[in-house]
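Peer 1: Here's a structure for you.
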């Protein structure tokens with residue numbers, strides 16, 4: 037549907053409060069941006085293409101939710117923010133995460149390693165956007181123990197030691213992963229896992245391979261751990 041190709045707008049939106057604070061955006065420009073993203077959200081949530089992307093049971097559905105969550109926060113769409121929070125708990129976690137923490141639908145692809153990292157990053161970003169002091173999605177678990185924390189722990193060992201990856205290697209770009217995955221930063225802070233942050237800090241922050249950049253939309257950490265859009 038093409039919606040997944042606008043994932044890089046998430047970080048654009050996250051930068052807007054900084055631009056506003058600096059005086060680089062006029063009130064009229066800010067109103068225009070909010071109106072545009074409000075209209076885009078309307079299409080994402082109401083159109084046939086948008087609904088199909090929302091209901092995808094793999095990284096496409098995760099990336100829809102990541103975008104919807106950030107754009108809803110920016111446009112003060114509290115109803116959609118609450119919908120997104122519920123959808124994470126009731127749809128993404130139960131439909132995408134296996135008992136061992138893996139993503140079976142990503143593992144079935146021809147580039148399982150890269151897509152598992154991509155989906156993990158998108159899911160971590162959803163948690164980063166939607167978590168509140170009273171509702172930490174990073175630590176949310178189903179009664180059977182499935183949740184983002186289990187998915188993070190599953191992939192962490194293969195980020196640390198890719199040679200231990202027990203599944204088929206990606207048909208392309210396998211040697212280019214991992215990079216400085218934002219899931220490591222977000223989960224390291226939210227779950228009090230200094231080992232995640234330590235690995236994040238030593239990975240490549242600036243990949244130059246186009247395919248890696250395409251699947252690496254969160255690259256400016258200060259936007260996310262400094263002043264946010266809320």
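Numbering (this note's numbering), first residue to last: 37 to 266.
Note that the Cβ used here is the ideal one computed from N, Cα and C, for glycine as well.
Since the structure is predicted, the reported quantities are computational estimates derived from the model, not experimental observations.
#1: What are the boundary residues of the alpha helix (DSSP H) that residue 215 is part of?
#2: Kindly indicate which residue of 179, 68, 245 has the alpha-carbon position closest to the one of residue 130.
#3: Three-state secondary structure (DSSP) at residue 258?
#4: Can you look up residue 177 in the DSSP assignment and give me helix, strand or coil?
#5: Which residues in the same chain have their Cβ closer than 8 Å to the Cβ of residue 86, if we skip the five residues on either side of it in sequence?
#6: What are the boundary residues of the alpha helix (DSSP H) that includes residue 157?
#7: Which residues does DSSP list as the beta-bridge partners of residue 171?
#8: Report the rounded CA-to-CA distance for residue 49 versus residue 61, giving the unit in angstroms.
#9: Just to check my reading of the structure: residue 166 and residue 121 have Cβ atoms closer than 8 Å, yes? What is that Cβ distance to the nearest angstrom?
#10: Looking at the structure shown, is residue 263 part of a helix, part of a strand, or coil, going by DSSP?
#11: Can you pull the DSSP bridge partners for residue 183?
#12: For residue 215, tell me which candidate among 151, 228, 162 has the shortest Cα-Cα distance.
#13: Quick one: using the 10 Å Cβ neighbour count with 16 as the cut-off for buried, is residue 292 buried or exposed?
#14: Less than 6 Å between C-beta atoms, sequence neighbours within five positions excluded: which residues of the same chain meet that for residue 264?
#15: Considering only the beta carbon of each residue, do residue 241 and residue 255 sit closer than 9 Å?
#16: Does the count of Cβ pairs from the region 87-94 and the region 58-75 closer than 8 Å reach three?
#17: Alpha carbon to alpha carbon, how far is residue 137 from residue 186?
#18: Please report how far the alpha carbon of residue 193 lies from the alpha carbon of residue 102, in whole angstroms.
#19: With distance defined between alpha-carbon atoms, name the residue in 232, 210, 169, 124 nearest to residue 182.
#20: For residue 204 and residue 148, what's the separation of their Cα atoms in angstroms?
#21: Going straight from the alpha carbon of residue 209 to that of residue 257, what length do you get?
Peer 2: Reading from the atomic positions:
#1: Run containing residue 215: none; DSSP gives neither H nor E here.
#2: 179
#3: helix
#4: strand
#5: 37, 39, 79, 80, 100
#6: Run containing residue 157: 148-166, per the alpha helix (DSSP H) assignment.
#7: Answer is 168.
#8: 13 Å
#9: 5 Å
#10: Low local confidence applies: a pLDDT of 46 at residue 263 is under 50, so the model's placement there is unreliable, with the coordinate-based value given in what follows. Here residue 263 sits in coil by DSSP.
#11: 177
#12: 151
#13: As shown, the chain starts at 37 and ends at 266. That puts residue 292 outside it, with no answer to give.
#14: Confidence in residue 264 is poor, its pLDDT being 42 and thus under 50, which makes the residue's placement unreliable; the coordinate value appears in the next sentence. So the list is empty, once near-sequence residues are dropped.
#15: yes
#16: no
#17: 5 Å
#18: The straight-line gap from Cα to Cα measures roughly 25 Å.
#19: Of the listed residues, the one whose Cα sits closest to residue 182 is 124.
#20: 7 Å
#21: 24 Å
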